[in-house]
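*Asks:* Residue 312 in this note's numbering sits at position 214 of the sequence shown; the count goes up by one each step and never skips.
For each residue, glycine too, the CB sits at the ideal point set by N, CA and C.
All values derive from a computational prediction rather than experimental measurement.
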Amino acid sequence: MREFTYVSQAARVLFGAGTLARLREELERLSCSRAVVLTTAGQADLAARARELLGPLAAGAFTGAAMHTPTAVTEQALALVRELGADCVVAIGGGSTTGLSKALAVRTGLPQIVVPTTYAGSEVTPVLGETDNGVKTTRSSPAILPETVVYDVDLTLGLPVPLSVTSGVNAMAHAVEALYAPQADPVTDELALRSIALMSAALPRIAEDPADLESRADALQAAWLAGTCLGTVGMGLHHKLCHTLGGSFGLPHAETHTVVLPHAMAYNARAVPDVMRRIAEVLGAADAPAAVYDLVSALHGPVSLGGLGLREEDLAKAAELAGGASYPNPREVTADGVAALLRDAWEGRRPA
Ligand code: NAD
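1) Taking residue 365 as part of the alpha helix (DSSP H), name the residues at either end of that continuous run.
2) Could you please give me the residues that DSSP links to residue 210 through a beta bridge?
3) Can you tell me which of the three DSSP states residue 376 falls into?
4) Is residue 238 helix, strand or coil when you go by DSSP?
5) Let me confirm a value: residue 287 is counted as buried when at least 16 other C-beta atoms fall within 10 Å, else exposed. Which label applies?
6) In chain order, what are the residue ranges of uninterrupted alpha helix (DSSP H) at least 4 long that sit wholly in the stretch 374–438?
7) Taking DSSP's pairing of strands, which residues face residue 217 in a bridge?
8) At a cut-off of 6 Å, is residue 50 close to the ligand NAD when judged by its beta-carbon and the heavy atoms of the ligand?
9) Quick one: grab the DSSP three-state call for residue 138.
10) Using the beta-carbon count (16 or more within 10 Å), is residue 233 buried or exposed?
11) The ligand NAD and residue 225: does the residue's C-beta get closer than 6 Å to at least one heavy atom of that ligand?
12) So, are the CB atoms of residue 293 and residue 217 less than 7 Å apart?
13) Helix, strand or coil for residue 447? Go by DSSP, reduced to three states.
14) Any chance the CB of residue 398 is under 6 Å from a heavy atom of the ligand NAD?
15) Please determine if the stretch 106–121 and the stretch 144–154 are in contact, where contact requires at least 3 C-beta pairs separated by less than 8 Å.
16) Is the beta carbon of residue 211 less than 7 Å from the beta carbon of residue 226?
17) Taking 6 Å as the cut-off, is the beta-carbon of residue 352 closer than that to any non-hydrogen atom of the ligand NAD?
18) Per DSSP, what kind of secondary structure is residue 230 in: helix, strand or coil?
19) Got a sec: does the ligand NAD put a non-hydrogen atom nearer than 6 Å to the Cβ of residue 333?
20) Can you name, in chain order, every residue of its own chain whose Cβ lies under 7 Å from the Cβ of residue 224, other than the five neighbours on each side?
21) For residue 114, which three-state DSSP category applies?
22) How should residue 307 be labelled, buried or exposed, when 16 other C-beta atoms within 10 angstroms of its C-beta is the threshold for buried?
23) Is residue 141 near the ligand NAD, in the sense that its beta carbon is under 6 Å from a heavy atom of that ligand?
24) Where does residue 283 sit, in a helix, a strand or coil, going by DSSP?
25) Cβ atoms of residue 406 and residue 353: under 7 Å apart, would you say?
26) I need the straight-line Cα distance from residue 247 to residue 371, nearest angstrom please.
27) Taking just the CA atoms, how far does residue 349 sit from residue 452?
28) Would you mind reading off the limits of the alpha helix (DSSP H) that contains residue 334?
29) Which stretch, first to last residue, makes up the alpha helix (DSSP H) that contains residue 273?
30) For residue 230, which residues in the same chain have their Cβ closer than 7 Å to its Cβ, ignoring the five residues on either side in sequence?
31) Name the one or two DSSP bridge partners that residue 168 has.
32) State the Cα-Cα distance for the pair residue 155 and residue 136, rounded to the nearest angstrom.
33) So the alpha helix (DSSP H) residue 101 belongs to, where does it begin and stop?
34) Measure the Cβ-Cβ separation of residue 428 and residue 391 and say whether it is below 7 Å.
35) From residue 367 to residue 409, what distance separates their C-alpha atoms?
36) Just checking, does the stretch 267–277 make contact with the stretch 127–141 on the three C-beta pairs under 8 Å criterion?
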């Protein structure tokens with residue numbers, strides 16, 4: 099008999115093309131008048147655009163957001179926030195920029211408006227991952243959840259195809275693991291399956307025509323749904339492996355998710371055949387793990403950890419780190435099982 103407890107996260111979400119123009123009205127809605135705009139160095143032009151849109155409501159900008167939210171970068175941004183007397187943060191960018199926004203919010207209590215430009219989904223989760231002295235830790239709190247999310251499809255039109263593919267599969271990973279989470283519920287299941295269907299159909303169309311607005315809208319909507327799943331239920335072996343590979347071996351986030359996902363799915367398949375059948379159904383394939391691998395290969399995405407720069411001699415250490423911790427996963431996590439999974443992922447073998 100099914101049994102579940104469903105708790106949703108509060109969210110205000112604006113979705114459309116050109117919605118960045120509504121930034122000022124969203125700031126006023128939060129009764130804010132001194133925003134600090136956050137971006138990476140590579141997206142500094144967006145910080146300038148946002149400041150222009152906000153006019154006198156922009157107090158300044160910090161354009162140094164970095165991957166895995168290093169605390170040293172957060173301290174620099176925090177000093178600027180205090181110096182400017184900011185009363186909110188506006189983050190425009192991928193999961194790294196959202197991470198900085200969350201790190202500032204949790205330290206200051208300031209409200210956040212997040213404008214995502216990748217498919218990472220962090221904007222709708224109460225989770226913050228931070229790196230200090232090379233060690234990545236995560237924490238979760240309602241105070242971390244952004245107040246407002248502005249999805250502007252126009253801002254994703256220029257997301258390069260390789261990053262669109264890996265970021266899209268990163269979103270699919272949230273949806274896949276939500277389907278076999280111990281807290282799984284029917285609402286989250288529906289969001290997850292819809293997300294996988296939208297994303298898997300959108301990515302090949304994006305690869306063909308990166309500026310197609312409808313395909314980009316499908317992918318961004320799928321990212322929102324997947325992020326919502328991630329924010330509602332706990333994740334399993336796949337996320338733990340990617341966290342370890344990113345935090346301890348410096349592998350890039352979305353690319354690592356892309357390589358590991360088919361193998362984590364294959365590992366868990368025998369424990370959750372019904373989940374895999376439902377995923378295969380929305381992918382229009384016979385076997386879900388192989389279908390995800392084939393999708394990535396067809397889009398020229400990364401398929402091997404070796405190709406991402408993980409050294410063969412690091413496989414045992416990675417297996418030990420990821421296999422050692424206890425966390426919920428549908429199939430028992432054993433040292434041998436994880437070692438075999440990582441070996442397959444390192445070689446880039448197609449799941450049988
Ligand atoms: P990212 O934010 O690091 O972005 C990658 C690069 O792409 C950056 O240089 C960025 O400036 C650039 N970029 C972003 N959008 C672009 C666009 N539209 N056009 C051109 N360039 C663009 O990568 P990511 O994969 O979005 O995020 C990864 C980070 O997010 C990791 O630190 C990960 O741990 C975190 N994350 C956290 C959660 C959570 O719930 N806490 C969820 C997912 C990811």
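*Replies:* The answer reads as follows:
1) Going by DSSP, residue 365 is part of the alpha helix (DSSP H) stretching over 351–367.
2) DSSP lists 187 as the bridge partner or partners of residue 210.
3) Residue 376: helix per DSSP, three-state reduction.
4) It is a strand residue.
5) Around the beta carbon of residue 287, 16 or more other beta carbons sit within 10 angstroms, so the residue counts as buried.
6) Here the runs fully enclosed are 386–396 and 413–422.
7) Paired residue(s): none; residue 217 is not in a bridge.
8) The question about residue 50 has no answer here: the residues shown for the chain are numbered 99 through 450.
9) Correct three-state label for residue 138: coil.
10) It counts as exposed.
11) Correct: residue 225 has its Cβ closer than 6 Å to the ligand NAD.
12) At the C-beta level, residue 293 and residue 217 stay beyond 7 Å of one another.
13) Of the three classes helix, strand and coil, the one that applies to residue 447 here is coil, per DSSP.
14) Residue 398: no, Cβ never under 6 Å from the ligand NAD.
15) Output reads yes: the stretch 144–154 touches the stretch 106–121.
16) For residue 211 and residue 226, no; Cβs fall outside 7 Å.
17) For residue 352, the shortest separation between its Cβ and any heavy atom of the ligand NAD lies below 6 Å.
18) Of the three classes helix, strand and coil, the one that applies to residue 230 here is strand, per DSSP.
19) Flag unset: Cβ of residue 333 not near the ligand NAD.
20) 107, 238, 239, 240, 242, 243 and 329.
21) Strand, per DSSP.
22) Exposed, because fewer than 16 other Cβ atoms sit within 10 Å of the Cβ of residue 307.
23) Correct: residue 141 has its Cβ closer than 6 Å to the ligand NAD.
24) In the structure shown, residue 283 sits in coil (DSSP, three-state: anything other than H, G, I, E or B).
25) For the pair residue 353 and residue 406, the CB atoms are nearer than the 7 Å cut-off.
26) In this model, residue 247 and residue 371 are separated by some 35 Å (Cα to Cα).
27) Past the boundaries of the shown model lies residue 452; the chain is included only from 99 to 450, so the question cannot be answered.
28) Neither: residue 334 is in no alpha helix (DSSP H) and is coded neither H nor E.
29) 259–277 is the extent of the alpha helix (DSSP H) around residue 273.
30) Excluding positions up to five away in sequence, the list reads 169.
31) Answer is 229, bridged to residue 168.
32) If you take the alpha carbons of residue 155 and residue 136, they lie about 14 Å apart.
33) That residue, residue 101, is in no alpha helix (DSSP H); it is neither H nor E in DSSP.
34) Annotated as distal: residue 428 and residue 391, with beta-carbon spacing of 7 Å or more.
35) Across the structure, residue 367 and residue 409 are spaced so that their CA atoms are roughly 27 Å apart.
36) They do not touch, by the three-pair rule.
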